[in-house]
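**Q**
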Amino acid sequence: MSSLWNTVFYQPIYNVLIFIITNITFGDVGFAIILVTIIVKLILSPLTKKSIKSQILMKQMEPELKQIKKDFPNKEEQAKKTFELYKKYGTNPFSGCLVIILQLPVIFALYYVFYKGLSIDASLVYSFIQTPTNLHTNFLGLIEMGSQSIFLGVFAGVTQFIQGYLSSPVKVKMAKSSEARSPDASKEAFREIVKESELVDKPKTFQEQLSDSMQMNIRYILPVFIAFIAWKISAAVALYWIVSNIFTIAQEWCIRRQLTRNSV
Amino acid sequence: MKKFFINFINLYQKIPFKSHNSCVFLPTCSEYTKETILKYGVFIGVYKGFRRICRCHPWQKNHYDSV
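As given, the protein sequences belong to chains A and B, one line each in that order. When you line the first sequence up against the numbering used here, it's residues 482 to 745, in that order. When you line the second sequence up against the numbering used here, it's residues 7 to 73, in that order.
Dropping the structure here:
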């Protein structure tokens, strides 16, 4: 199983990295990491595009979805109405969980290439690819790729935070935007808030409280966690994370712009 | 054991991750797996959840699939 993963996912990406180091960046590892990450992300982008799109539309549909859940207690009818709503917004058919899961080995292999370090293992390099003669791992003459860099680690965390913040804006903002759209919607939202506060009055179990605070804090915890890991492993992994986050931010921004253009 | 797995799925549902809005089914795969774990136990439940994920692809015609 692991050898299959090695030959199908890990080795090709590793060889692309070596090829780029030799032929394009002339021994510079830092820029090669940036290029490889962008190439792999570009190849995957048609697959991720759909799910980002539905993520954005899902946020817009949220009030209507809540309404459906209230009006139709029957689960089958609920599902039917929900799919009608999807059709109205034009997000169906979704790509499916399987498509996302199939991407994971690629992402994991990409990460592993940088994780394993930057020494060249000749047994993994294909025969038609030259190994680089002069390898310099000093990115921009400042940061040693193989060492730990707190600066790149923190930057990875910051980009992760920005990415998370953009993809799921804080709830208060959502309520404000719906207020601007129609007064009815804001009333609805207010009722919702009142209801939720009624629910809050009920004593909660420890687990419920834990999961609530988790939802609140995951936006802040995850970036810190990633910053810490990126710093501890190596500057190469941190650089990969930064590039991949910036790529996702750019991709989301493009899709958002496309969607607003289509609606206008 | 059941609780552990269900909390694990709850945690997954809270992490910002791109697969959340791409499920072709209702209830979603993760929601479905929670229900099967409650109903059939961890082993059969997780197996059924896995089968469900394999069915969750763009060519799936039937979008309503309850436990």
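Ideal Cβ positions, reconstructed from N, Cα and C, are used throughout, including at glycine.
1. Bridge partners for Y592 (chain A) per DSSP, in chain order?
2. From A:I601, A:S628, A:F490, pick the residue whose C-alpha is nearest to that of T614 (chain A); which is it?
3. Quick one: list the residues of chain B neighbouring V521 (chain A), beta-carbon separation under 7 Å, in chain order.
4. Indicate the three-state DSSP secondary structure (helix, strand or coil) for F512 (chain A) in the structure shown.
5. Quick one: what does DSSP say L32 (chain B) is sitting in, helix, strand or coil?
6. Is I21 (chain B) helix, strand or coil by DSSP?
7. Taking all protein chains shown into account, do 16 or more other C-beta atoms lie within 10 angstroms of the C-beta of A717 (chain A), making it buried, or fewer, making it exposed?
8. Would you tell me roughly how many angstroms separate the C-alpha atoms of G508 (chain A) and F728 (chain A), rounded to the nearest one?
9. Which chain B residues sit within Cβ distance under 9 Å of F564 (chain A)?
10. Step through the CB atoms of chain A and report whether any lies within less than 8 Å of the CB of K45 (chain B).
11. What does I21 (chain B) touch in chain A if you count any residue whose Cβ is under 8 Å from its own?
12. Tell me which same chain residues have a C-beta within less than 6 Å of the C-beta of A661 (chain A), skipping the five on either side of it?
13. If we call anything under 8 Å between Cβ atoms a contact, is I502 (chain A) one with L720 (chain A)?
14. Let me know the secondary structure DSSP gives Y607 (chain A) once reduced to three states.
15. Taking only beta-carbon positions, decide if I59 (chain B) is within less than 8 Å of chain A.
16. Take every Cβ of the stretch 511-530 of chain A, pair it with every Cβ of the stretch 579-596 of chain A, and state whether three or more of those distances are shorter than 8 Å.
17. So is P664 (chain A) buried or exposed if we call it buried at 16+ other beta carbons inside 10 Å?
18. Could you check whether the Cβ of V580 (chain A) sits closer than 8 Å to any Cβ belonging to chain B?
19. Please confirm whether T506 (chain A) and V724 (chain A) have their CB atoms less than 8 Å apart.
20. From the DSSP output, in three-state form, read off K657 (chain A) for me.
21. Note the first and the last residue of the continuous alpha helix (DSSP H) segment covering P493 (chain A).
22. State the CB to CB distance for the pair E543 (chain A) and L566 (chain A), rounded to an integer number of angstroms; the pair is presumed to be in contact (CB under 8 Å).
23. Name, please, each residue of chain B whose Cβ falls closer than 8 Å to the Cβ of E557 (chain A).
24. Check whether chain B comes within 8 Å of K547 (chain A), counting only Cβ atoms and requiring the distance to be less than that.
25. In its own chain, which residues sit with a C-beta less than 7 Å from the C-beta of Q611 (chain A), not counting the 5 before and 5 after it?
26. Does the stretch 632-646 of chain A come close enough to the stretch 704-714 of chain A to have 3 or more Cβ pairs within less than 8 Å?
27. In chain B, what lies closer than 9 Å to K531 (chain A) by C-beta?
28. Can P586 (chain A) and W722 (chain A) be called in contact, C-beta distance under 8 Å?
29. Please list the partners that S526 (chain A) has in chain B, where partner means a Cβ-to-Cβ separation under 7 Å.
30. Secondary structure at I601 (chain A), three-state DSSP: helix, strand or coil?
31. Nearest to T39 (chain B) by alpha carbon, out of B:H63, B:R57, B:H69?
32. Indicate the three-state DSSP secondary structure (helix, strand or coil) for N615 (chain A) in the structure shown.
33. Could one say the Cβ of A637 (chain A) lies closer than 8 Å to chain B's Cβ atoms, at least one of them?
**A** For this structure:
1. In the DSSP output, where bridge partners are listed per residue, Y592 (chain A) has none listed.
2. A:I601
3. Those within 7 Å of V521 (chain A) in chain B number zero; the least Cβ separation is about 15 Å.
4. helix
5. strand
6. coil
7. buried
8. 24 Å
9. L32, H69, Y70
10. no
11. I699, L703
12. With a pLDDT of only 45 at A661 (chain A), under 50, the local geometry of the prediction cannot be trusted, and the value read off the model is given with reservation. Answer for A661 (chain A): no residue qualifies.
13. no
14. coil
15. yes
16. yes
17. For P664 (chain A), the predicted structure reports a pLDDT of 48, less than 50, and the residue's modelled location is therefore unreliable. A value from the coordinates is still provided. Label assigned to P664 (chain A): exposed.
18. yes
19. no
20. With a pLDDT of 44 at K657 (chain A), under the threshold of 50, the modelled position of this residue cannot be trusted, and the question is left open.
21. 492-504
22. 11 Å between Cβ atoms; not a contact.
23. Y70, S72
24. no
25. T503
26. yes
27. S28, P64
28. no
29. Neighbours of S526 (chain A) on chain B: none; closest Cβ ~12 Å, over 7 Å.
30. coil
31. B:R57
32. coil
33. no
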